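K.L.:
2 protein chains.
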Amino acid sequence: MNRARLDDRLADLETDGYLIDASQDDANQLYLSGFTGPDPFLTLYADGEIHVLVGGLEYGRAKREAAADGVERHADYDYEYGGREARNDMYARFVRDKGVESVSMPPRGPVGTADALRERGIEVAVDADDRLREVRAVKTDEEVDAIREAQRANEAAMRATEDLLAGADVAGDGDDAETGVLLHEGEPLTSERVTEEIEVTLLRRGCALDQTIVAGGAQAADPHDRGSGPLRANEAIIVDIFPRSKATKYNADMTRTFCVGEPSETLREWYELTERALDAALDAVEPGATGEDVHAAACEVYEEAGEPTFRTDPETETGFIHSTGHGVGLDVHESPRLATGGEELEPGHVITVEPGLYDPDVGGVRIEDIAVVTEDGYENFTEYPIEFVVG
Amino acid sequence: MNRARLDDRLADLETDGYLIDASQDDANQLYLSGFTGPDPFLTLYADGEIHVLVGGLEYGRAKREAAADGVERHADYDYEYGGREARNDMYARFVRDKGVESVSMPPRGPVGTADALRERGIEVAVDADDRLREVRAVKTDEEVDAIREAQRANEAAMRATEDLLAGADVAGDGDDAETGVLLHEGEPLTSERVTEEIEVTLLRRGCALDQTIVAGGAQAADPHDRGSGPLRANEAIIVDIFPRSKATKYNADMTRTFCVGEPSETLREWYELTERALDAALDAVEPGATGEDVHAAACEVYEEAGEPTFRTDPETETGFIHSTGHGVGLDVHESPRLATGGEELEPGHVITVEPGLYDPDVGGVRIEDIAVVTEDGYENFTEYPIEFVVG
Numbered sequence: 001m002n003r004a005r006l007d008d009r010l011a012d013l014e015t016d017g018y019l020i021d022a023s024q025d026d027a028n029q030l031y032l033s034g035f036t037g038p039d040p041f042l043t044l045y046a047d048g049e050i051h052v053l054v055g056g057l058e059y060g061r062a063k064r065e066a067a068a069d070g071v072e073r074h075a076d077y078d079y080e081y082g083g084r085e086a087r088n089d090m091y092a093r094f095v096r097d098k099g100v101e102s103v104s105m106p107p108r109g110p111v112g113t114a115d116a117l118r119e120r121g122i123e124v125a126v127d128a129d130d131r132l133r134e135v136r137a138v139k140t141d142e143e144v145d146a147i148r149e150a151q152r153a154n155e156a157a158m159r160a161t162e163d164l165l166a167g168a169d170v171a172g173d174g175d176d177a178e179t180g181v182l183l184h185e186g187e188p189l190t191s192e193r194v195t196e197e198i199e200v201t202l203l204r205r206g207c208a209l210d211q212t213i214v215a216g217g218a219q220a221a222d223p224h225d226r227g228s229g230p231l232r233a234n235e236a237i238i239v240d241i242f243p244r245s246k247a248t249k250y251n252a253d254m255t256r257t258f259c260v261g262e263p264s265e266t267l268r269e270w271y272e273l274t275e276r277a278l279d280a281a282l283d284a285v286e287p288g289a290t291g292e293d294v295h296a297a298a299c300e301v302y303e304e305a306g307e308p309t310f311r312t313d314p315e316t317e318t319g320f321i322h323s324t325g326h327g328v329g330l331d332v333h334e335s336p337r338l339a340t341g342g343e344e345l346e347p348g349h350v351i352t353v354e355p356g357l358y359d360p361d362v363g364g365v366r367i368e369d370i371a372v373v374t375e376d377g378y379e380n381f382t383e384y385p386i387e388f389v390v391g
Numbered sequence: 001m002n003r004a005r006l007d008d009r010l011a012d013l014e015t016d017g018y019l020i021d022a023s024q025d026d027a028n029q030l031y032l033s034g035f036t037g038p039d040p041f042l043t044l045y046a047d048g049e050i051h052v053l054v055g056g057l058e059y060g061r062a063k064r065e066a067a068a069d070g071v072e073r074h075a076d077y078d079y080e081y082g083g084r085e086a087r088n089d090m091y092a093r094f095v096r097d098k099g100v101e102s103v104s105m106p107p108r109g110p111v112g113t114a115d116a117l118r119e120r121g122i123e124v125a126v127d128a129d130d131r132l133r134e135v136r137a138v139k140t141d142e143e144v145d146a147i148r149e150a151q152r153a154n155e156a157a158m159r160a161t162e163d164l165l166a167g168a169d170v171a172g173d174g175d176d177a178e179t180g181v182l183l184h185e186g187e188p189l190t191s192e193r194v195t196e197e198i199e200v201t202l203l204r205r206g207c208a209l210d211q212t213i214v215a216g217g218a219q220a221a222d223p224h225d226r227g228s229g230p231l232r233a234n235e236a237i238i239v240d241i242f243p244r245s246k247a248t249k250y251n252a253d254m255t256r257t258f259c260v261g262e263p264s265e266t267l268r269e270w271y272e273l274t275e276r277a278l279d280a281a282l283d284a285v286e287p288g289a290t291g292e293d294v295h296a297a298a299c300e301v302y303e304e305a306g307e308p309t310f311r312t313d314p315e316t317e318t319g320f321i322h323s324t325g326h327g328v329g330l331d332v333h334e335s336p337r338l339a340t341g342g343e344e345l346e347p348g349h350v351i352t353v354e355p356g357l358y359d360p361d362v363g364g365v366r367i368e369d370i371a372v373v374t375e376d377g378y379e380n381f382t383e384y385p386i387e388f389v390v391g
């Protein structure tokens with residue numbers, strides 16, 4: 001954690017403190033508390049100190065793990081298994097005990113807690129800027145290293161994927177499967193089978209995973225379709241992997257698009273165009289440039305080639321239909337946004353750059369690298385090659 | 001989803017509608033919308049109909065997947081990539097478009113959205129009872145089958161664990177490792193190695209996983225310690241596995257405690273006592289009994305044997321220091337609670353029963369089964385044997 005940046009960004013709050021009520025699943029909570037509590041707990045930042053309040057069951061582990069200045073437990077506020085009101089009373093006592101009469105909460109903090117504190121006379125303001133999210137966006141060297149390490153696991157999983165695809169046979173007339181379906185050891189090679197290979201590879205390297213995308217053909221034309229069923233020759237197969245290190249909790253993110261066999265002329269053009277869009281967007285990455293600038297650089301490549309983007313047609317369902325990238329950290333999607341309205345880039349921002357083209361009649365192509373913004377540009381720490389046709 | 005129960009529980013709301021702003025990570029959202037959206041989206045229940053609002057990128061998939069009566073996209077409200085205020089304006093228009101001037105939100109709904117709607121003249125009340133959580137607690141037959149299926153994967157993973165432990169050697173004077181450490185293929189058998197085996201087994205069976213517990217010795221005395229480092233002979237090793245089916249999104253949950261070698265007399269007594277507490281608690285499970293009754297049944301077994309519980313000593317850090325169980329469904333921890341204050345059991349509740357004893361000087365023992373409450377008692381669908389000493 002960058003404590004100086006945290007203190008700086010929270011210095012001009014108009015409230016006495018900053019309150020988070022969430023489990024470790026909330027990246028702001030994990031960042032501020034440093035504690036991997038599985039159930040919601042309170043973290044209060046006030047007077048430059050971080051205070052954590054947990055249940056008795058978590059107390060020992062929280063004392064050992066938390067990056068907080070103080071850890072307390074429910075029993076310190078005479079709370080036993082009581083009802084909801086008793087719990088909210090305890091929360092109010094904990095906040096007041098720190099000399100705090102007004103708190104800011106992040107926009108996605110729980111309204112139940114906010115309203116309960118208000119009923120108890122504590123002022124609650126919404127920190128609409130989500131300052132902790134902004135603090136988290138700029139990584140320390142240690143955080144960058146954690147992401148880099150997760151990216152190495154990512155590349156091992158991508159390698160396993162490419163090997164599986166490159167080694168596949170293609171069903172012909174004599175086979176049981178439909179002609180053109182990829183075969184692995186005589187069985188149709190499905191999205192699910194490739195995903196399993198990816199996830200096992202990541203687990204063996206200490207990473208957890210959420211929702212890997214292995215989508216071919218028309219499925220690849222929906223950027224959020226995770227893919228299912230048999231993969232086929234001559235179609236574009238999008239593989240998007242975003243592992244999370246179990247040890248550090250930091251994510252990585254990378255996409256490659258593969259084709260086994262002969263892609264159509266259109267797919268070849270799309271791939272070449274997308275490589276150019278990737279290069280153009282990366283070229284635009286430097287401190288002072290905005291996320292919007294980087295997005296514009298990718299859009300221009302597509303627009304000049306006559307492909308629709310959200311800039312030329314906000315309702316288009318084909319073409320370049322998403323943003324150019326996003327920050328990566330404790331959340332796989334975090335600040336900054338590389339999109340229209342995207343904020344200014346700063347050294348330490350870790351971002352993806354991931355242009356793509358989509359049309360159900362053609363398929364989908366996306367290429368995604370992950371990079372850190374440096375003092376004079378960026379360092380791309382994606383080592384995986386960019387190659388379309390495999391096998 | 002039990003739509004009749006949903007309609008019934010939402011019938012007497014004092015607001016016009018019920019609003020959820022969350023991603024699929026929120027079980028209420030996944031349940032009500034039926035849509036696996038990765039980013040937060042709105043679901044509004046009003047006049048007996050479910051309406052979903054998503055971004056353009058999710059629209060096609062939401063139309064196919066969602067269990068809603070209507071799916072709309074941001075463009076239907078003339079929203080393009082705008083700022084926060086424009087987004088909140090769109091949310092208010094979506095709500096009003098359904099004839100809704102007041103909404104209830106669950107206690108953990110986002111305060112940012114609640115306050116933004118209030119600023120736009122829409123009344124927002126907190127549904128402190130979390131009614132959707134209550135609706136979710138009672139499962140349909142289909143939901144029970146989904147949990148049962150995840151439990152079969154769980155048992156395969158537990159079998160792999162027991163085989164690994166039972167097949168382990170114990171380091172002696174001639175070995176590199178410390179005497180008493182378990183060895184697998186000549187290397188110390190660690191919590192991490194066993195966890196990996198569990199997770200790979202679950203992945204191969206279509207399950208995701210979050211935080212498996214494999215904790216031995218003093219680590220097992222902290223019920224939430226996930227365990228790390230070499231496992232040892234003659235100590236109690238707690239293995240708590242809670243997989244989630246990727247297809248259905250339903251969880252299972254089971255714990256066993258194993259010992260390779262010779263457990264101490266105290267550990268043997270604890271194990272026997274915990275088996276008795278499990279039986280006593282299960283015997284108390286029937287419709288009309290409360291979660292508090294079931295918890296009391298387990299506590300009494302321990303208390304009669306002189307072991308501390310939260311009932312006899314709210315601040316104890318040893319003995320039976322957690323609740324007896326919890327509901328399982330889309331969340332691994334959900335209603336009902338089998339604890340002091342726990343609600344009345346109903347047919348269709350799927351619950352864990354998991355008594356245990358803990359003391360850093362002795363170790364930890366926990367045995368956990370999963371069962372469904374039936375019309376006249378319960379059906380325990382845990383098939384895994386209860387045996388302490390293995391190998």
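Chains A and B supply the protein sequences, listed in that same order.
The UniProt record's numbering applies: residue 1 is where the first sequence begins, and numbers increase by one.
The UniProt record's numbering applies: residue 1 is where the second sequence begins, and numbers increase by one.
In this text, a Cβ means the ideal position worked out from N, Cα and C, and glycines have one as well.
Nothing here was measured: the structure is a model prediction, and the numbers come from that model.
1) Return the CA-CA distance between Val54(B) and Val138(A), expressed in angstroms with no decimal places.
2) Among residues of its own chain, excluding the 5 on either side of residue 413(A), which ones have a beta-carbon nearer than 6 Å to its beta-carbon?
3) List, in order along the chain, the chain A residues whose C-beta lies closer than 8 Å to that of Phe112(B)?
4) Consult DSSP for Thr290(B) and reduce its assignment to one of helix, strand or coil.
5) Spell out whether any CB of chain A is found under 7 Å from the CB atom of Asp240(B).
6) Please say whether Phe320(B) and Thr312(B) have beta carbons closer to each other than 7 Å?
7) Taking all protein chains shown into account, decide if Arg337(B) is buried (16 or more other Cβ within 10 angstroms of its Cβ) or exposed.
8) Beta-carbon of Glu80(B) versus every beta-carbon of chain A: anything under 7 Å?
9) Which one of Ala46(A), Ala371(A), Thr212(A) and Arg131(A) has the shortest CA to CA distance from Thr161(A)?
10) Arg204(A) versus chain B: which residues are under 7 Å apart at the beta carbon?
11) So who's on the other strand from Cys207(A), going by DSSP bridges?
12) Quick one: any contact between the stretch 186-202 of chain B and the stretch 276-293 of chain B, if contact means 3 or more CB pairs under 8 Å?
13) Can you tell me the Cβ-Cβ gap for Leu32(B) and Thr15(B), rounded? I've got them flagged as a contact below 8 Å.
14) Unbroken beta strand (DSSP E) runs of length 3 or more, entirely within the stretch 294-380 of chain B: which are they?
15) So, with DSSP's three-state summary, where would you put Ala252(B)?
16) In this structure, what does DSSP give as the bridge partners for Gly216(B)?
17) What residues in the stretch 296-319 of chain A have a beta carbon less than 8 Å from any beta carbon of chain B?
18) What residue range is occupied by the uninterrupted alpha helix (DSSP H) comprising Ile20(B)?
19) Just to confirm, is the Cβ distance from Ala233(A) to Val214(A) under 7 Å?
20) Closest to Glu262(A) by C-alpha separation, out of Gly327(A), Val170(A), Glu155(A) and His74(A), would be which residue?
21) Comparing alpha-carbon positions, which option in Val52(B), Ala92(B) and Gly356(B) lies nearest Arg73(B)?
22) Exposed or buried, Ala220(A), counting other C-beta atoms within 10 Å across all chains shown (16 or more means buried)?
23) Since Pro107(A) sits in a beta bridge, which residues does DSSP pair it with?
24) Does the beta carbon of Asp222(A) sit closer than 7 Å to a beta carbon anywhere in chain B?
25) Do Asp359(B) and Thr318(B) have their beta-carbon atoms positioned less than 7 Å apart in this structure?
26) With distance defined between alpha-carbon atoms, name the residue in Ala68(B), Trp270(B), Leu57(B) and Ala116(B) nearest to Glu85(B).
27) Please list, in chain order, the residues of the stretch 22-42 of chain A that have any C-beta partner in chain B closer than 9 Å.
28) Is Thr382(B) near Met254(B), with beta carbons less than 7 Å apart?
29) Given this structure, state the Cα-to-Cα distance separating Asp293(B) from Tyr91(A), to the nearest angstrom.
30) On the DSSP bridge list, what partners appear for Glu123(B)?
31) Can you check which of these residues, Arg136(A), Glu49(A) and Gly82(A), is closest to Lys98(A) by C-alpha distance?
32) How long is the line joining the alpha carbons of Gly34(B) and Leu57(B), rounded to whole angstroms?
33) At a CB-CB cut-off below 8 Å, which residues of chain B make contact with Ala75(A)?
34) Return the CA-CA distance between Phe388(B) and Phe242(B), expressed in angstroms with no decimal places.
35) Alpha carbons only, please: which of Gly83(B), Ala75(B) and Leu30(B) is nearest the one belonging to Ala67(B)?
36) How big is the Cα-Cα spacing for His224(B) and His349(A)?
P.N.:
On the basis of the data shown:
1) 29 Å
2) Outside the shown range of chain A, which is 1 to 391, sits residue 413(A), and nothing can be said about it.
3) Here the sequence assigns Gly to residue 112(B), which means Phe is not the residue at that position. Here the neighbours are Pro106, Pro107, Arg108, Gly109, Val126 and Ala128.
4) Note: Thr290(B) maps to strand in three-state DSSP.
5) no
6) no
7) buried
8) yes
9) The shortest Cα separation from Thr161(A) among Ala46(A), Ala371(A), Thr212(A) and Arg131(A) belongs to Thr212(A).
10) Glu196
11) Ser245(A)
12) no
13) So it is not a contact: roughly 15 Å between Cβ atoms.
14) You should have 325-327, 334-338, 350-353, 356-359, 363-366, 369-374 and 377-380.
15) coil
16) Ile237(B)
17) Phe310, Pro314, Glu315 and Glu317
18) From DSSP, Ile20(B) is part of no alpha helix (DSSP H) but of the beta strand (DSSP E) over Gly17 to Ala22.
19) No. Outside cutoff.
20) Val170(A)
21) Val52(B)
22) buried
23) Beta-bridge analysis with DSSP links Pro107(A) to no other residue.
24) yes
25) yes
26) Ala116(B)
27) Ala22, Asp25, Thr36, Gly37, Pro38, Asp39 and Pro40
28) yes
29) Cα-Cα distance, rounded: 28 Å.
30) Ser102(B)
31) Nearest option by C-alpha distance: Glu49(A).
32) 17 Å
33) Within 8 Å Cβ-Cβ: Pro314 and Glu315.
34) Distance between the alpha carbons of Phe388(B) and Phe242(B) is about 20 Å.
35) Leu30(B)
36) 34 Å
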